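Undergrad: Shown below is the structure under consideration.
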Amino acid sequence: MIENWTKEFIIQRLLAITLLVALFVLCFKVVQFFIVPALWAAILAYVTFPIYEFFHEKVKLSPDFSAAIMTVSISLIIGVPLVIGVFILQQEALSLISNLVYRIKVGYLDVPDSFKDLPIIGQQIKDVLWRINKNPEGTLEAFRLWVQSHLYYGKVAFDVVFSGLAKLGMALMTLFFFYRDGTSLVRQIRQALRNIIGNRIDGYIDSVGTTTRAVVYGIGLTALAQALLAGIGYYFAGAPSPILLTIVTFIIALIPFGTPFVWGGVSVWLLSQGHTAEGIGLALWGVFVISWVDNLIRPIVISGATKIPFIIIFIGVLGGLTAFGFVGLFIGPVVLAIGLAVWREWISQHKNEIFAPQDVTLSDSNAIAPVHNPAQDTVSGSEST
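For the sequence shown, the working numbering gives the first residue as 66, with consecutive numbering after it.
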């Protein structure tokens, strides 16, 4: 066949490959902004697809109406806490800034004595407070100049927030089409991969599905349970803005072993304010109640469903977070699950070669001869005797 490759044929092939590569690069540039929202939408659609099937198959609603119900429901579940959190955060920030400006104006900016008594930096804190309280107007003017010189960072933060909201809206819009056309899309993807890899792709796709659902449920349920328990602790400990702290705890709890940084920080703040009993009580509640949820639910739900060691899931979560951002919390474990499935399949197919006893060796004449074992000679000699 190679001898039939003429110069014109080679040039035609190269041009076709070049055009395909250029088309792929252009398509990637077009959809680059929407990749992350589409991944979020795919994860949400896959995990909640049984609920969509209930509306479509059990209640006998049309695909469009069922997809619309699910999309609106997911939007409310995400949007309502987000709006409440932003509103509470805005109120708390305005209250904090107003209180800070008032204390500076009256020359009474202070911190708890526990901070002043800290080694090395305690005296520096006292000196800074003395200078601020000595010249309140100069301090406020310096603060205004600092804000004006750093307005660029405010614009960057606004761009990040706007980009995040745009991605969230795109994910919710894409979610509707994944519900409505998800079955057909998965069937096409499965057939395309089967054409490339073969029938073994079915096992890989099943592994991806099981891992995705287990990771989402494990991480989501763990974060929700920890946030609710932490919220109870914040309320009874008298922490400020317990609802906002509960929302922050839920977000941080999505990262394995991240929750102690939240309730631990609140405990330290309560102790610094002189609320010793409340701070110690919240710390004990966090150690013996909140943290045990992370130690029980996450391994049971994830490792129990996927038959994958929890350390691999843990590495996948943290590695995916650093590599792909927040969506990597779910992509990382799935990627490692696929790698583990390929490894197990390869070991299963070649186990006779890998674990076969090495009883024979090749002689110089390529004939198979038994390996000489001195122990057998000793035994044979004893028997003949």
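C-beta: ideal position from N, C-alpha, C; glycine also.
Quick caveat, the model's predicted, so the values are computed rather than measured.
(1) Compare the C-alpha of residue 338 against each of 186, 175 and 404 and name the closest.
(2) Please identify the residue among 305, 346 and 385 whose C-alpha is closest to the C-alpha of residue 156.
(3) Taking DSSP as the reference, what is the three-state secondary structure of residue 324?
(4) Looking only at its own chain, which residues have a Cβ that is under 7 angstroms from the Cβ of residue 405, when we skip the five neighbours before and after it?
(5) Taking DSSP as the reference, what is the three-state secondary structure of residue 71?
(6) Out of 315, 331 and 273, which one is the CA nearest neighbour of residue 291?
(7) With 16 as the cutoff for other CB atoms within 10 Å, does residue 229 come out buried or exposed?
(8) So, helix, strand or coil for residue 121, using DSSP?
(9) Going straight from the alpha carbon of residue 181 to that of residue 336, what length do you get?
(10) Give a yes or no on contact between the stretch 120-135 and the stretch 242-254, applying the rule of three or more CB pairs nearer than 8 angstroms.
(11) Does the count of Cβ pairs from the stretch 95-110 and the stretch 234-241 closer than 8 angstroms reach three?
(12) Just to confirm before moving on: does the CB-CB distance between residue 60 and residue 150 stay below 8 angstroms?
(13) Whole angstroms are fine: how far does the CA of residue 140 sit from the CA of residue 396?
(14) Would you give the residue range spanned by the alpha helix (DSSP H) that residue 192 belongs to?
(15) Pick out the complete alpha helix (DSSP H) segments inside the stretch 260-337, 4 residues or longer, and give them in chain order.
(16) How far does the alpha helix (DSSP H) with residue 354 in it extend, from its first residue to its last?
(17) In angstroms with no decimal places, state the Cα-to-Cα distance between residue 294 and residue 326.
(18) With 16 other CB atoms within 10 Å as the buried threshold, where does residue 197 fall?
(19) Quick check: residue 288 and residue 319, are their CB atoms within less than 8 angstroms of each other?
(20) For residue 79, count neighbouring C-beta atoms within 10 Å of its own C-beta (all shown protein chains included) and say buried if the count is 16 or more, exposed if not.
(21) Let me know the secondary structure DSSP gives residue 89 once reduced to three states.
(22) According to DSSP, is residue 413 helix, strand or coil?
(23) Nearest-angstrom Cα distance between residue 267 and residue 231?
(24) Within 10 angstroms of the Cβ of residue 145, are there 16 or more other Cβ atoms? Answer buried if so, exposed if not.
(25) Would a C-beta distance cut-off of 8 angstroms place residue 167 and residue 277 closer than the cut-off?
(26) For residue 173, count the other beta carbons within 10 Å of its own beta carbon; 16 or more makes it buried, fewer makes it exposed. Which is it?
(27) CB residue 332 to CB residue 344, shorter than 8 angstroms?
(28) Looking at residue 403: is its Cβ nearer than 8 angstroms to the Cβ of residue 226?
(29) Taking just the CA atoms, how far does residue 107 sit from residue 380?
(30) Using 8 angstroms as the threshold, is the C-beta distance between residue 109 and residue 284 below it?
(31) Just to confirm the assignment, what range does the alpha helix (DSSP H) spanning residue 344 have?
(32) Any idea what DSSP makes of residue 482, helix, strand or coil?
(33) Give the straight-line distance between the Cα atoms of residue 211 and residue 313, rounded to the nearest whole angstrom.
(34) So is residue 217 buried or exposed if we call it buried at 16+ other beta carbons inside 10 Å?
TA: Once the coordinates are examined:
(1) 175
(2) 305
(3) coil
(4) Cβ neighbours of residue 405 within its own chain (closer than 7 angstroms, five residues either side excluded): 373 and 377.
(5) coil
(6) The alpha carbon of residue 291 has as its nearest neighbour, out of 315, 331 and 273, the alpha carbon of 315.
(7) Burial check for residue 229: the Cβ neighbour count within 10 Å stays below 16, so the residue is exposed.
(8) helix
(9) C-alpha of residue 181 to C-alpha of residue 336: approximately 14 angstroms in a straight line.
(10) yes
(11) yes
(12) No answer is possible for residue 60: the residues shown for the chain start at 66 and end at 450.
(13) 22 angstroms
(14) 187-199
(15) 266-302, 307-318 and 325-337
(16) That residue, residue 354, is in no alpha helix (DSSP H); it is neither H nor E in DSSP.
(17) Roughly 15 angstroms separates the two Cα atoms.
(18) buried
(19) yes
(20) Residue 79 is exposed by the Cβ-count criterion.
(21) In the structure shown, residue 89 adopts helical secondary structure according to DSSP, grouped into three states.
(22) Helix at residue 413.
(23) In a straight line, the C-alpha of residue 267 is about 35 angstroms away from that of residue 231.
(24) Exposed, by the Cβ-count rule.
(25) no
(26) exposed
(27) Taking 8 angstroms as the Cβ cut-off, residue 332 and residue 344 qualify as a contacting pair.
(28) no
(29) The alpha-carbon atoms of residue 380 and residue 107 are separated by roughly 22 angstroms.
(30) Taking the C-beta atoms as reference points, residue 284 is found no nearer than 8 angstroms to residue 109.
(31) 341-350
(32) Any property of residue 482 remains undetermined from this structure, which presents the chain solely from 66 to 450.
(33) Those two C-alpha atoms are separated by around 28 angstroms.
(34) It counts as exposed.
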